[in-house]
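Have a look at the structure below before the remarks.
2 protein chains.
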Amino acid sequence: MRGVTTDRTPTRVRGSRRAEILDAAAGLFAARGFHGVSIEDIGAAVGTSGPALYRHFSGKEALLAEMLLDVSERLHSSGSRRVTEAADAEEALDSLLGCQIEFALNHPALITVHDRELGNVPEPARRRIRRLQRLYVEEWVTVLSELYPGRSQASLRAATHAVFGLLNSTPHSAGELPPAVMAELLRGMARAALAVPSVRNR
Amino acid sequence: MRGVTTDRTPTRVRGSRRAEILDAAAGLFAARGFHGVSIEDIGAAVGTSGPALYRHFSGKEALLAEMLLDVSERLHSSGSRRVTEAADAEEALDSLLGCQIEFALNHPALITVHDRELGNVPEPARRRIRRLQRLYVEEWVTVLSELYPGRSQASLRAATHAVFGLLNSTPHSAGELPPAVMAELLRGMARAALAVPSVRNR
DNA sequence: GGCCGATGTTAGTCATCATTAACGTTACCG
DNA sequence: CGGTAACGTTAATGATGACTAACATCGGCC
Chain A
1 MRGVTTDRTP
11 TRVRGSRRAE
21 ILDAAAGLFA
31 ARGFHGVSIE
41 DIGAAVGTSG
51 PALYRHFSGK
61 EALLAEMLLD
71 VSERLHSSGS
81 RRVTEAADAE
91 EALDSLLGCQ
101 IEFALNHPAL
111 ITVHDRELGN
121 VPEPARRRIR
131 RLQRLYVEEW
141 VTVLSELYPG
151 RSQASLRAAT
161 HAVFGLLNST
171 PHSAGELPPA
181 VMAELLRGMA
191 RAALAVPSVR
201 NR
Chain B
1 MRGVTTDRTP
11 TRVRGSRRAE
21 ILDAAAGLFA
31 ARGFHGVSIE
41 DIGAAVGTSG
51 PALYRHFSGK
61 EALLAEMLLD
71 VSERLHSSGS
81 RRVTEAADAE
91 EALDSLLGCQ
101 IEFALNHPAL
111 ITVHDRELGN
121 VPEPARRRIR
131 RLQRLYVEEW
141 VTVLSELYPG
151 RSQASLRAAT
161 HAVFGLLNST
171 PHSAGELPPA
181 VMAELLRGMA
191 RAALAVPSVR
201 NR
């Protein structure tokens, strides 16, 4: 089945099962880790049992690969689109923050899996995912470079990772605050953390 | 080197094996997850092969439990000690930040395992670990309440988790900056993030 | 010099699990 | 209608892995 180009949808929407499986698997992987979840578990979570999964994915690792590839692509593409649309660096940073916060609040499981399970993705796909992650980080670093010149790339990269850690803490404080309030809290904290007057002295 | 009785010999140092195993296991668990590491792997990492581990721990889960219990205890006890020693809330927060940053920089693997693998700890120990974690968080929330009155407990708790995420990002930006610089960067970012003027308006 | 406790070793054992095989069941399409 | 493709199902199959058993080694100590 190379190039399934006909949009003729048989009965059920083509691939609706795939999405359902990916969604259920994300939750399970986030909760118990890739190796802590069996094919049976995933099947049970979508109502079918066990090996039915092989009708949709070539294997467990392929499923994970697709999941992480999709996340990386969504983050990178929406990030880069909104950066190029932004009028200035200030606005670009706001867009990036908005992107990441929205994703972290709406898809905590994907965020969790995304930064834990790269090591279980087989090699062909792993490189592509890593590349997208790196591009996404560089997007941030570039914007921050413009906004805070005089700070080293290394420092900005470390700061970016720190902000990711801050924003991606949502799975840990689930339900403490209403989402809108949480979003504003995270945005404020992230902006303040990034604006810290560098680290030269002392 | 034959039959020298001082404990300086490379042969064995009483009780060092347990610590060695815990250390090696921490690195492996952090890298591949609890279920991604076999007893054989852990044995190999300390030079002995396989089931030798059962001379020191009653099982794989018990090993994990001891590891996490130790981390939780160290964080909580050093945190609470230094808070009670502090002259004021300002100083207490500095101490807490110092604690956490020092731990995150010196033991990234333990930090990683600590917030990923609680779910694999069997029930008797899990409760104790969770309790210590909660106490540690409350330590932070109490100090922050005093420092920033008028902000809700829930908001401060969420902010605390966010700062943990920020500080615990060290495993992701390994080696970008020299440790001392990294420490100051993290401290500055955390302080700035916490000082953000609340979330009331809008 | 001979017991002993601490520590390893190698060869099972028994589960669990990913993956495959072999075999329905629909629903659409000609 | 009959074919067929999408989608499931229940049994193998073959690895891997946690844990146990039976058997060393070796230093210390009476």
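Residue numbers (the UniProt record's numbering), protein chains in the order written: chain A, 1 to 202; chain B, 1 to 202.
We put the beta carbon where it would ideally sit given N, CA and C, even for glycine.
A:M182 versus B:A158 - alpha carbon distance: Taking the first sequence and counting its residues from 1, the one referred to as residue 182 of chain A is at position 182. Taking the second sequence and counting its residues from 1, the one referred to as residue 158 of chain B is at position 158. Computed Cα separation, rounded: 8 Å.
Short Cβ contact (7 Å threshold) for B:L64 with B:R187: On the second sequence, residue 64 of chain B is found 64 positions in, with the first residue counted as 1. On the second sequence, residue 187 of chain B is found 187 positions in, with the first residue counted as 1. Going by C-beta atoms, B:L64 is not nearer than 7 Å to B:R187.
Candidates B:I42, B:L93, B:G33 and B:A154, of which the one nearest B:A19 by Cα: Counting from one through the second sequence, the residue named residue 19 of chain B turns up at place 19. Out of B:I42, B:L93, B:G33 and B:A154, B:I42 has the C-alpha closest to the C-alpha of B:A19.
Same chain only: Cβ atoms within 6 Å of A:P178, ignoring 5 sequence neighbours per side: Reading the first sequence from its first residue, position 178 is the one you call residue 178 of chain A. Counting only Cβ-Cβ distances below 6 Å, and skipping sequence neighbours, we find nothing.
Own chain residues within Cβ distance below 6 Å of A:A89, not counting five before or after: Walking along the first sequence from the start, residue 89 of chain A turns up at place 89. So the qualifying residues of the chain are V143, E146 and L147.
Proximal residues, the segment 139–162 of chain B versus chain A, C-beta separation under 8 Å: A154, S155, R157, A158, A159, H161 and A162
Below-7 Å beta-carbon distance, A:V196 vs any chain B residue: As a working note, residue 196 of chain A is residue 196 in the first sequence. Cβ-Cβ to chain B under 7 Å: yes for A:V196.
Alpha-carbon to alpha-carbon, B:K60 and B:S49: Here the question's residue 49 of chain B lines up with position 49 in the second sequence. Here the question's residue 60 of chain B lines up with position 60 in the second sequence. Approximately 15 Å, taken between the alpha carbons.
For B:A31 and A:L69, the rounded distance between their alpha carbons: Taking the first sequence and counting its residues from 1, one reaches residue 69 of chain A at position 69. Taking the second sequence and counting its residues from 1, one reaches residue 31 of chain B at position 31. Answer to the nearest angstrom: the Cα atoms are 20 Å apart.
For B:A180 and B:T170, the rounded distance between their alpha carbons: For the purposes of this step, residue 170 of chain B is taken as residue 170 along the second sequence, with counting starting at 1. For the purposes of this step, residue 180 of chain B is taken as residue 180 along the second sequence, with counting starting at 1. Cα-Cα distance, rounded: 13 Å.
Reference B:L53; option with closest CA among B:R128, B:R126, B:L167 and B:I21: Residue mapping note: residue 53 of chain B aligns to position 53 of the second sequence, counting from 1. For the options B:R128, B:R126, B:L167 and B:I21, the alpha carbon positioned closest to that of B:L53 is the one of B:I21.
Amino acids of chain A, ordered along the chain, whose beta-carbon sits closer than 7 Å to that of B:L185: Sequence index remark: in the second sequence, residue 185 of chain B carries index 185 (1-based). Simply S155, A158, A159 and V199.
Presumed contact (8 Å Cβ cut-off) between A:E139 and A:V196, rounded CB distance: To locate residue 139 of chain A, count along the first sequence from 1; it is residue 139. To locate residue 196 of chain A, count along the first sequence from 1; it is residue 196. That pair is no contact at about 21 Å.
Rounded C-alpha distance that separates A:G33 from A:T112: Translated into the one-based positions of the first sequence, residue 33 of chain A becomes position 33. Translated into the one-based positions of the first sequence, residue 112 of chain A becomes position 112. Cα to Cα, A:G33 sits roughly 10 Å from A:T112.
Rounded C-alpha distance that separates A:P149 from A:V141: Locating residue 149 of chain A in the first sequence gives position 149, counting from the first residue. Locating residue 141 of chain A in the first sequence gives position 141, counting from the first residue. In a straight line, the C-alpha of A:P149 is about 11 Å away from that of A:V141.
Close beta carbons around B:A26, own chain, < 7 Å, minus the five adjacent residues each side: Locating residue 26 of chain B in the second sequence gives position 26, where the first residue counts as 1. Same-chain partners within the cutoff: M67, A109, L110 and V113.
Chain-ordered neighbours of A:A52 on chain B, where CB pairs are closer than 7 Å: Looking up residue 52 of chain A in the first sequence gives position 52. Result: empty, since nearest Cβ-Cβ is about 23 Å, beyond 7 Å.
Residue ranges of each alpha helix (DSSP H) within the UniProt domain "HTH tetR-type" (15–75) of chain A, 4 or longer: 16–32 and 39–45
Sequence-distant residues of the same chain with beta carbon closer than 8 Å to B:E40, five excluded per side: In the second sequence, residue 40 of chain B corresponds to position 40, counting from 1. Closer than 8 Å at the Cβ level, and outside the excluded window around B:E40, lie S49 and G50.
Proximal residues to A:M189 (C-beta, below 7 Å), its chain only, five neighbours per side dropped: As a first step, residue 189 of chain A must be located in the first sequence, where it is residue number 189. Here the set comprises L166.
Chain-order list of residues whose beta-carbon lies under 8 Å from that of residue 214 of chain B (same chain, five-residue window excluded): Residue 214 of chain B cannot be examined here, being either before or after the span of chain B that is shown, 1 to 202.
Close beta carbons around B:F57, own chain, < 6 Å, minus the five adjacent residues each side: Numbered from 1 along the second sequence, position 57 holds the residue referred to as residue 57 of chain B. If we look at B:F57 and ignore the five residues flanking it on each side, its Cβ neighbours are L63.
CB contact check: B:M67 to chain A, cutoff 7 Å: Position 67 of the second sequence, counted from the start, is the residue given in the question as residue 67 of chain B. Chain A, which has no Cβ nearer than 7 Å to the Cβ of B:M67, makes this no.
Proximal residues, the UniProt domain "HTH tetR-type" (15–75) of chain B versus chain A, C-beta separation under 8 Å: Of all residues in the UniProt domain "HTH tetR-type" (15–75) of chain B, A31, R32, G33, F34, H35 and G36 have a Cβ within less than 8 Å of some Cβ in chain A.
Which of helix, strand or coil DSSP assigns to A:V196: Numbered from its first residue, the first sequence carries residue 196 of chain A at position 196. If DSSP states are grouped into helix, strand and coil, A:V196 belongs with coil.
Presumed contact (8 Å Cβ cut-off) between A:H35 and B:G36, rounded CB distance: Start at 1 with the first residue of the first sequence, and residue 35 of chain A comes out as number 35. Start at 1 with the first residue of the second sequence, and residue 36 of chain B comes out as number 36. That pair is a contact at about 5 Å.
Within 7 Å, strictly: CB atoms of A:A192 and B:A193: Taking the first sequence and counting its residues from 1, one reaches residue 192 of chain A at position 192. Taking the second sequence and counting its residues from 1, one reaches residue 193 of chain B at position 193. Their beta carbons are under 7 Å apart, which means A:A192 touches B:A193 by this criterion.
Counted within 10 angstroms of its Cβ, other Cβ atoms place B:G47 as buried (16 or more) or exposed: Within the second sequence, numbered from 1, the residue matching residue 47 of chain B stands at position 47. It is exposed - the Cβ of B:G47 has fewer than 16 other Cβ atoms within 10 Å.
B:L53 Cβ short of 6 Å to the ligand FMN heavy atom set: This structure simply doesn't include the ligand FMN, nor any ligand for that matter.
Boundaries of the alpha helix (DSSP H) in which B:L166 is found, first to last residue: Along the second sequence, read from residue 1 onward, the residue named residue 166 of chain B stands at position 166. In the DSSP assignment, B:L166 falls within the unbroken alpha helix (DSSP H) covering Q153 to L167.
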